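Q:
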Amino acid sequence: MSDPDRLDIEMSGGCQCGAVRFHASALMANPHICHCRMCQKATGQLMVAAVGVREEHLVWTRGAPTIFMSSDYAERGFCPHCGTTLSFHFKGARHWAMAMGAFDEPWRIPIHFQIGTEGRHPALADLNGIRDAGTTEAADPAGAERIRLSSHQHPDHDTEFWP
Ligand SMILES: [Zn+2]
Ligand SMILES: [Zn+2]
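Sequential numbering of the sequence shown, starting at 66, is according to my numbering.
1) From Asp223 to Leu92, what distance separates their C-alpha atoms?
2) At 4 residues or longer, and completely inside the stretch 101-167: list those alpha helix (DSSP H) runs for me, N to C.
3) Given a cut-off of 8 Å on the beta-carbon distance, is the pair Ala94 and Met76 in contact?
4) Tell me which same chain residues have a C-beta within less than 6 Å of the C-beta of His186, skipping the five on either side of it?
5) Just verifying my parser: in three-state terms, what is the DSSP assignment at Arg185?
6) What would DSSP say about Ser215, mapped onto helix, strand or coil?
7) Within 10 angstroms of the Cβ of Ile174, are there 16 or more other Cβ atoms? Answer buried if so, exposed if not.
8) Could you pull out every residue in the same chain whose Cβ sits closer than 7 Å to the Cβ of Ala129, ignoring the five residues on either side in sequence?
9) Given a cut-off of 8 Å, decide if Ala139 and Ser152 are closer than it, judged by their beta-carbon atoms.
10) My output table needs one value for Gly38: the three-state DSSP class, helix, strand or coil.
11) Could you give the distance in angstroms between the alpha-carbon of Val116 and the alpha-carbon of Pro228?
12) Going by the beta-carbon positions, is the gap between Gln179 and Gln81 smaller than 8 Å?
Okay, here's the thing in structure tokens:
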């Protein structure tokens, strides 16, 4: 019997610099986007995509996030070296909401719903209404290559040593 509250997706992830890495052996069936003002401010972005991971399915495999308490109840985790948003945790809860973009293959995780819509930027109500300027590679091939060759970003897989 499969658990309706669980997605059988196993995946590692981590921050941009690679100082903090984690592994999730299963995900909760709640992947979502939050537009709320606290998620916006915590990331400097207009929305956060997140998915729950139960504590028994989550291992911090390298380093650990630094915590900012955005309220008396909520712990927001980020890499102390590069600042990547990594996690959201209600004090005492037995699961963490993990930032989907920090996973190594975020496109494998579905998105089931959006919340916090009181904070949603009007343009994000219809992404198809925003002009599609194409891929990074197509827009600036030389620039994309320069960045690729000099990137300090951790690769999208686990590494034994880094950097
Ligand atoms: Zn980092
Ligand atoms: Zn939020």
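Idealized CB from N, CA, C, for every residue including glycine. Fair warning: this is a prediction, and the values are worked out from it, not measured in the lab.
A: Answer, in terms of the structure:
1) Cα to Cα, the separation comes out at about 18 Å.
2) Correct list: 102-108.
3) It is not a contact, given that the beta carbons lie outside the stated cut-off.
4) Scanning its chain for C-beta atoms nearer than 6 Å, with the 5 sequence neighbours on each side dropped, one finds around His186 the residues Leu111, in chain order.
5) Coil, per DSSP.
6) Reduced to three states, the DSSP call for Ser215 is helix.
7) It counts as buried.
8) Closer than 7 Å at the Cβ level, and outside the excluded window around Ala129, lie Val85.
9) Not in contact: Ser152 and Ala139 (Cβ atoms no closer than 8 Å).
10) Past the edges of the chain, shown from 66 to 228, lies residue 38, and the structure says nothing about it.
11) If I take the Cα positions, the gap works out to 28 Å.
12) Taking 8 Å as the Cβ cut-off, Gln179 and Gln81 do not qualify as a contacting pair.
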